[in-house]
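To start, the structure itself, in structure tokens.
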Amino acid sequence: MAEIRHSYIRDRDMRDDLSDDAQLTRYLLGELTEEEQVEIEERAFRDRRYLLEIEAVECDLIDDYVRGALSEVERRQFEERFLASEKRRRKLEFAKSLEAVAGELCENS
Amino acid sequence: MSSSVLTIQNCIFPEMHAAPTPRRRWVLTQDAFDKLLTSLDEDRDTASEKYLEIRSNLIRFFQWRGTPFPEDHADETINRIAKRVSEKEEIRNPASYYLGVARMLLLEINRERIREQQALTEMPISQFESESSEDFDERIELLRSCLRHLSDENRQLILQYYHGEKGEKIDSRRKLSERLGISVNTLRMRALRIREELQRCAENGHEHCQAMR
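Same order as they appear, the protein sequences are chains X and H.
The numbering of the first sequence is the working numbering, which starts it at 92 and goes up by one.
The numbering of the second sequence is the working numbering, which starts it at 293 and goes up by one.
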């Protein structure tokens, strides 16, 4: 019984994480309303853990772009927002290297 | 003098980049900067730490909103607040206040960008130049070398965490978190920290790899 409950809680947490991630992905692509963006930013400034979650979602989004896993619309939104600053372009270059090296090392292991 | 105070002194007057500023810059004086720090905390070291955290958050904010010069925009935000503080404006909630001023600046930046785009209507959106294959190979080699500097555990973690397509990644991360006996969120924070260190190492060399082990 305890195991079932544990598994239920874990699955529920996972679902919450995924829905948060989807919202944060939309934020990073500039799809949210101004009000929704403000809400996320206010929370990020108050809560360091949440701020790091946004950074983690940003890394996944960059990796998805590198792998060509974004839709046409998302890819365009990504390029408009992410290629604007040099720091983010460096993140993108790093993601390309990581993708190449991780693929090669995981195949060999 | 603490390292955070030194760091601040090194970045108060950074080299100017080509960031277009919507308004004429107000010049930050030492006196105004001191008052700004005091408004954050009476203890100088604590104020310095708060200042660095706020600046780093502002840079993130401008990055998230897709502006081209996040560091310059963060500094401009701070300059505007320093000006208000020097004019004796009281700040009750620094986080909200700084974010509010940053948003006002963002509006100006966006207005400016729209004006520029209208002036250059026929110009395509600029894409950054793609690097050569030699540069890419060099970066790959550097990254391989940085990965060798990681502990076995961290190397396995980062490779497994970021490997795979969207769907399979979710499942493999869950399995990884179960194997390590930590929550998915804790795993995510660990992976993010290692990734950031790895990027620093790949960009700056091995002296930055020590923290990764």
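Ideal Cβ placement from N, Cα and C applies to all residues, glycine included.
Within the chosen definition, does the region 372-391 of chain H reach the region 156-174 of chain X through at least 3 CB pairs nearer than 8 Å?
no
Notebook entry, point to check: Can you list, in chain order, the stretches of the alpha helix (DSSP H) that have 4 or more residues and sit fully within the region 430-494 of chain H?
Noted result: 444-454 and 458-472
Practice prompt. Using only alpha-carbon positions, find the residue among Leu-472/H, Arg-447/H and Arg-480/H that is nearest to Ile-462/H.
Written response: The residue labelled residue 462/H in the question sits at position 170 within the second sequence. When each option's Cα is compared against that of Ile-462/H, the closest is Arg-480/H.
Review point. Does the Cβ of Leu-320/H lie closer than 7 Å to at least one heavy atom of the ligand ATP?
Key: For the ligand ATP, the structure offers nothing, since it holds no ligand at all.
*asked:* Below 8 Å, how does it come out for the region 466-476 of chain H and the region 111-125 of chain X: are there three or more Cβ pairs, yes or no?
replied: no
message = When you compare the CB of Gly-159/X with every CB in chain C, is at least one pair closer than 8 Å?
response = Among the chains of the structure shown, chain C does not appear; the protein chains present are X and H.
Anyone know if the C-beta pair for Ala-324/H and Asp-333/H falls short of 8 Å? Locating residue 324/H in the second sequence gives position 32, counting from the first residue. Locating residue 333/H in the second sequence gives position 41, counting from the first residue. Result no, Cβ atoms of Ala-324/H and Asp-333/H do not sit closer than 8 Å.
Exercise. Can you list, in chain order, the residues of the region 356-368 of chain H whose Cβ is nearer than 9 Å to any Cβ on chain X?
Worked result: Trp-356, Arg-357, Gly-358, Thr-359, Pro-360, Phe-361, Pro-362 and Glu-363
Check your understanding: If Arg-172/X and Leu-120/X are in contact, beta carbons under 8 Å, what's the gap, nearest whole angstrom?
Key -> Here residue 172/X refers to the residue found at position 81 when the first sequence is read from its first residue. Here residue 120/X refers to the residue found at position 29 when the first sequence is read from its first residue. Going by Cβ atoms, the distance from Arg-172/X to Leu-120/X rounds to 7 Å, so yes, they are a contact pair.
Give every residue of the same chain whose Cβ lies closer than 6 Å to the Cβ of Glu-363/H, excluding the five residues on either side of it in the sequence, and list them in chain order. Within the second sequence, numbered from 1, the residue matching residue 363/H stands at position 71. Once the five neighbours on either side are set aside, the close Cβ partners of Glu-363/H are Ile-351.
(message) Going by beta-carbon coordinates alone, are Ile-373/H and Tyr-390/H separated by less than 8 Å?
(response) Taking the first residue of the second sequence as 1, we reach residue 373/H at position 81. Taking the first residue of the second sequence as 1, we reach residue 390/H at position 98. For Ile-373/H and Tyr-390/H, yes; Cβs fall inside 8 Å.
Quiz prompt | Pair within 8 Å by beta-carbon distance, Ala-494/H and Arg-440/H | solution = The residue given as residue 494/H occupies position 202 in the second sequence. The residue given as residue 440/H occupies position 148 in the second sequence. No, they are not a contact pair.
If we call anything under 8 Å between Cβ atoms a contact, is Ala-483/H one with Leu-442/H?
In the second sequence, counting from the first residue as 1, residue 483/H sits at position 191. In the second sequence, counting from the first residue as 1, residue 442/H sits at position 150. Result no, Cβ atoms of Ala-483/H and Leu-442/H do not sit closer than 8 Å.
- [ ] Could you check what DSSP says for Glu-382/H in three-state terms: helix, strand or coil?
- [x] Along the second sequence, one-based indexing puts residue 382/H at 90. DSSP places Glu-382/H in coil when its eight states are reduced to three.
Helix, strand or coil for Ser-424/H per DSSP? One-based indexing of the second sequence puts residue 424/H at position 132. Here Ser-424/H sits in coil by DSSP.
Worksheet entry | Residues that Lys-458/H contacts on chain X, provided the C-beta gap is smaller than 8 Å | Along the second sequence, one-based indexing puts residue 458/H at 166. Chain X residues near Lys-458/H: Asp-155 and Ala-160.
| Measuring CA to CA, which of Asp-155/X, Glu-195/X and Arg-167/X is closest to Lys-182/X? | Taking the first residue of the first sequence as 1, we reach residue 182/X at position 91. That would be Asp-155/X, whose Cα lies nearest to the Cα of Lys-182/X.
Query raised in the report: Taking the alpha-carbon positions, what's the Thr-478/H to Leu-329/H distance?
Result: In the second sequence, counting from the first residue as 1, residue 478/H sits at position 186. In the second sequence, counting from the first residue as 1, residue 329/H sits at position 37. When rounded, the distance between both Cα atoms is 33 Å.
Notebook entry, point to check: Going along the region 429-459 of chain H in order, which residues come within less than 7 Å of chain X, judged by CB to CB distance?
Noted result: Arg-431, Ile-432, Leu-435, Arg-436, Leu-439, Leu-451, Tyr-454, His-455, Glu-457 and Lys-458
- prompt: So, is the C-beta of Ala-494/H closer than 8 Å to a C-beta in chain X?
  reply: As a working mapping, residue 494/H is identified with position 202 in the second sequence. Answer yes: the Cβ-Cβ gap between Ala-494/H and chain X drops below 8 Å somewhere.
Could you tell me if Met-293/H is buried or exposed, where buried requires 16 or more neighbouring beta carbons within 10 angstroms of its beta carbon? Here residue 293/H corresponds to residue number 1 of the second sequence, with the count starting at 1. Low confidence applies here, because Met-293/H scores a pLDDT of 47, under 50, leaving its location unreliable; read the following figure in that light. It counts as exposed.
Margin query: Quick check: the Cα distance between Glu-345/H and Ala-366/H, rounded to an integer number of angstroms?
Written below: Sequence index remark: in the second sequence, residue 345/H carries index 53 (1-based). Sequence index remark: in the second sequence, residue 366/H carries index 74 (1-based). Using only the alpha carbons, I get a separation of about 12 Å.
Exercise. Given that Ala-387/H touches chain X, what residues does it touch there, using C-beta distances under 9 Å?
Worked result: The residue given as residue 387/H occupies position 95 in the second sequence. Correct list: Glu-133, Phe-136 and Arg-137.
task: Could you tell me the distance, in whole angstroms, from the CA atom of Leu-434/H to the CA atom of Glu-177/X?
output: Along the second sequence, one-based indexing puts residue 434/H at 142. Along the first sequence, one-based indexing puts residue 177/X at 86. Computed Cα separation, rounded: 20 Å.
- For Trp-356/H, the nearest candidate out of Leu-398/H, Tyr-343/H, Ile-370/H and Lys-375/H (CA to CA): Taking the second sequence and counting its residues from 1, the one referred to as residue 356/H is at position 64. Out of Leu-398/H, Tyr-343/H, Ile-370/H and Lys-375/H, Leu-398/H has the C-alpha closest to the C-alpha of Trp-356/H.
For Glu-133/X versus Ser-348/H, is the C-beta spacing smaller than 8 Å?
-> As a working mapping, residue 133/X is identified with position 42 in the first sequence. As a working mapping, residue 348/H is identified with position 56 in the second sequence. No. Outside cutoff.
Notebook entry, point to check: What are the start and end residues of the alpha helix (DSSP H) that includes Val-319/H?
Noted result: Residue numbering aside, residue 319/H sits at position 27 when the second sequence is read from its first letter. Taken as a continuous stretch (DSSP letters only), Val-319/H belongs to no alpha helix (DSSP H), as it is neither H nor E.
- Flag this pair as yes or no: are the beta carbons of Glu-190/X and Val-157/X separated by less than 8 Å? Residue 190/X sits at position 99 when you count from the first residue of the first sequence. Residue 157/X sits at position 66 when you count from the first residue of the first sequence. Yes; because the gap between Cβ atoms is below 8 Å, this pair is in contact.
- Would you please verify whether the beta carbon of Ser-402/H is less than 8 Å from any beta carbon of chain X? Position 110 of the second sequence, counted from the first residue, corresponds to residue 402/H. Inspection of the sequence shows that residue 402/H is occupied by Asn rather than by Ser. No, its Cβ sits nowhere closer than 8 Å to a Cβ of chain X.
- From this set, Lys-375/H, Leu-320/H, Ile-370/H and Ile-406/H, which residue's C-alpha is nearest Ala-394/H's C-alpha? Looking up residue 394/H in the second sequence gives position 102. Nearest of Lys-375/H, Leu-320/H, Ile-370/H and Ile-406/H to Ala-394/H, Cα basis: Ile-370/H.
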